[in-house]
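Protein sequence lines correspond, in order, to chains A and B. Take any residue in the first sequence, count from 1 to its spot, add 4: that is its number in my numbering. Take any residue in the second sequence, count from 1 to its spot, add 327: that is its number in my numbering. All C-beta atoms in this analysis are idealised placements derived from N, C-alpha and C, irrespective of residue type, glycine included.
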Amino acid sequence: MSEAAIASPLVGLCYLVAGCLFLAALLRSMAPAPSPIAGRIGLAGLMLSLATTVCTLDALSLPEMIGTMLAGGGIGWLAARRTGRGGLVPLMLWLQGLVGLAVLLFGVALGLDPDAFGIVPGFPGRVGIAVCVGLGAIGATGVVVLLLKGRHTPPGKRLTLPSLCSGAGAVAGGLLLENWVMILAGVMAIAFLSAMIARPGKVAGRACPSSLPSPTAAGSAGGATP
Amino acid sequence: MRCASVPAFPPLVMLCGLLSCIILIGALVASAEAGRMIARYLGLAAVLLASTSLVGGFVAMERMAAASSEERDE
């Protein structure tokens, strides 16, 4: 990302609008009478931040990156559409494991070419990379362990614990890249997740509506949607 | 997608989407700025995983919300 692009007030404004949209959607979804369009508003905010990032990158491999994003989005869409209703909660846990794996790969990429990112050897450079890789590994393996062994853990808590690792990994990565968007968003996610851990009953109820089949019955309920 | 019947998006899933998005932003920057080919491809792999999680999470949540709404209507 070029320095001029980062410093541009228009880029800052786009990130600010994206953040406000997401925060508004999050608060509306937490209200006693949640708005049906809250998810769409949040998704619009995330898409705006992604589009701003892509526009500010001065990379030759831009078509490669956009193609990879479209391919990943297509895989996620297909996986979510073709999974049976009973398998949706475990699917979301697996998807959170993929985020942990992404943090791990991101940390390894930074570690393989630290000079390109201006990461200095020693503290905090190498330590930050190790933290990023470690948190990514914990997030990814934690999901597998929770899926296999944590059947008695509430689904909300199972989703929250690896998310915290991914959030902390994102903050570490943001500090290494000196990317304030990653740092602020990661801190916000960690703050909200910590608040939710303090109220586990509410988290479990929201993450897994009571009318859905239990995640433990996912294996028998899985299958293609009509 | 049955958008009209979606009652609400649980905030926890929205936070998971936010995490996917910020990792995606970091992976995009990493793959754009990486000098070595292997680092670039690792960054692209991270982009693939994070975008899978972002879209999959939101579509899954819409289906969950639609399912619970349908059952409530019945």
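Checklist entry - Short check: CB of G111/A to CB of I133/A, under 8 Å? => result yes
Next on the checklist: So, for F196/A: in the same chain, excluding its five sequence neighbours on each side, which residues have a beta-carbon less than 8 Å away from its beta-carbon?
Outcome noted: L30
Next on the checklist: Taking the straight line between their C-alpha atoms, what separation do you get for V356/B and E398/B?
Outcome noted: Answer to the nearest angstrom: the Cα atoms are 43 Å apart.
Checklist entry - Does any C-beta atom of chain B lie closer than 8 Å to the C-beta of G177/A? => result yes
Next on the checklist: Under 7 Å, CB to CB, which of the residues in the segment 122–146 of chain A have a partner in chain B?
Outcome noted: none
Checklist entry - Looking at chain B, which residues of the segment 70–86 of chain A have a Cβ within less than 7 Å of any of its Cβ atoms? => result T72, M73, A75, G76, G77, I79, G80, W81, A83, A84, R85
Checklist entry - Using DSSP with H/G/I as helix, E/B as strand and the rest coil, what is G209/A? => result Caution applies to G209/A, whose pLDDT of 49 falls short of 50 and renders its modelled position unreliable; the model cannot decide the point.
Next on the checklist: Can you find the residues in the same chain that come closer than 6 Å, C-beta to C-beta, to L14/A, ignoring five residues on each side of it along the sequence?
Outcome noted: none
Next on the checklist: In this structure, how does DSSP classify A202/A when only helix, strand and coil are distinguished?
Outcome noted: It is coil, neither helix nor strand.
Item to check | Neighbour flag for L20/A against chain B, beta carbons, 8 Å | outcome: no
Checklist entry - Is M364/B buried or exposed, if buried means 16 or more other CB atoms sit within 10 Å of its CB? => result exposed
Checklist entry - Using the beta-carbon count (16 or more within 10 Å), is L348/B buried or exposed? => result The identity of residue 348/B in the sequence shown is Cys, whereas the question assumes Leu. Buried: at least 16 other Cβ atoms inside 10 Å.
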